[in-house]
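Step one of this worksheet: look at the structure below.
Residue numbers (my numbering): 3 to 261.
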């Protein structure tokens with residue numbers, strides 16, 4: 003899997019929009035339809051999450067979604083099967099989001115083979131320490147480092163030893179979710195991270211309004227939309243057509259803000 007190979011993250015006049023979707027939820031059929039909706043809405047890369055029992059990096063909205071997936075028996079193998087179905091009709095870039103334990107159970111080498119087979123572009127492991135991520139640099143996986151405002155200068159210096167398509171920059175120190183952002187603090191934080199790495203920066207953890215992207219697009223290369231989409235899904239479970247329309251329109255609004 004070649005690393006640092008996502009040109010959509012390097013366009014100076016257009017920022018990438020990355021929707022986060024939980025693999026297999028609300029059900030497989032609707033999950034595939036949601037993927038189609040975000041693609042039609044202009045998604046540049048899709049982040050697909052693996053349901054997990056202890057999602058320590060996620061806030062209450064996505065944590066609940068993790069638990070729903072676990073209760074339905076969804077896991078890393080089922081998520082890979084879902085991606086195989088996505089690949090029958092789309093070659094959109096995909097980043098797999100999984101905590102380390104499911105990957106450990108499957109095996110790093112087997113995951114690398116699956117990523118190559120399914121054309122999965124990148125892997126995000128939120129609970130993998132930098133030190134271990136650096137040790138895994140020899141693997142063919144495009145492992146995405148994650149930093150936060152609490153990351154120390156010594157930790158940020160480690161970015162120089164990491165080859166990846168992008169850096170996932172959390173907008174806050176703590177769990178994900180929709181929240182009020184301090185725009186000026188985030189600008190300062192992203193400016194600091196830029197000093198340590200030439201890699202594209204994807205900003206996530208709390209992006210819920212197009213206005214946020216308009217204010218921050220000169221500082222980040224991509225924006226991850228997660229809890230906002232989960233809220234749309236949860237609020238429209240009994241109206242799937244309305245759900246899909248709202249998701250597509252929401253992505254279009256974010257994409258317009260990113261230009």
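The C-beta atom is built at its ideal place from N, Cα and C for all residues, glycine as well.
Quick one: is residue i buried, meaning 16 or more other Cβ sit within 10 Å of its Cβ, or exposed?
i: residue 244; result: exposed
i: residue 20; result: buried
i: residue 49; result: buried
i: residue 154; result: exposed
i: residue 167; result: buried
i: residue 241; result: exposed
i: residue 199; result: buried
i: residue 14; result: exposed
i: residue 237; result: exposed
i: residue 109; result: exposed
i: residue 210; result: buried
i: residue 257; result: buried
i: residue 55; result: exposed
i: residue 4; result: For residue 4, the predicted model reports a pLDDT of 49, less than 50, meaning its position is unreliable and no value from the coordinates is stated.
i: residue 162; result: exposed
i: residue 106; result: exposed
Taking Cβ positions, are residue i and residue j nearer each other than 8 Å?
i: residue 1; j: residue 32; result: Outside the displayed span of the chain (3 to 261) sits residue 1, for which this structure offers no information.
i: residue 207; j: residue 172; result: yes
i: residue 160; j: residue 127; result: no
i: residue 47; j: residue 18; result: yes
i: residue 144; j: residue 123; result: yes
i: residue 78; j: residue 95; result: no
i: residue 203; j: residue 218; result: no
i: residue 253; j: residue 40; result: yes
i: residue 277; j: residue 215; result: Nothing in the structure corresponds to residue 277, since the chain is present only between 3 and 261.
i: residue 76; j: residue 53; result: yes
i: residue 188; j: residue 170; result: no
i: residue 61; j: residue 184; result: no
i: residue 70; j: residue 130; result: no
i: residue 259; j: residue 11; result: no
i: residue 35; j: residue 231; result: no
i: residue 102; j: residue 51; result: no
i: residue 16; j: residue 261; result: yes
i: residue 212; j: residue 255; result: yes
i: residue 192; j: residue 221; result: yes
i: residue 114; j: residue 80; result: no
i: residue 251; j: residue 63; result: no
Can you pull the DSSP bridge partners for residue i?
i: residue 34; result: Answer is none; residue 34 lacks a bridge partner.
i: residue 198; result: Looking at the DSSP assignment, residue 198 forms no beta bridge with any residue, so it has no partner.
i: residue 171; result: 149 and 205
i: residue 98; result: 50 and 125
Give the DSSP-derived three-state secondary structure of residue i in the structure shown.
i: residue 224; result: strand
i: residue 249; result: helix
i: residue 20; result: strand
i: residue 74; result: coil
i: residue 262; result: There is simply no residue 262 to check, as the chain begins at 3 and stops at 261 in what is shown.
i: residue 211; result: coil
i: residue 82; result: helix
i: residue 89; result: coil
i: residue 219; result: coil
i: residue 163; result: helix
i: residue 259; result: helix
i: residue 41; result: helix
i: residue 190; result: helix
i: residue 115; result: helix
i: residue 241; result: coil
i: residue 28; result: coil
i: residue 141; result: coil
i: residue 11; result: helix
i: residue 57; result: coil
i: residue 3; result: Note that residue 3 scores 47 on pLDDT, short of 50, meaning its location in the model is unreliable; the coordinates nonetheless yield the value given after this. Coil.
i: residue 184; result: coil
Between residue i and chain D, is the shortest Cβ-Cβ distance under 8 Å, so that the two count as touching?
i: residue 207; result: The structure shown contains no chain D, having only a single protein chain.
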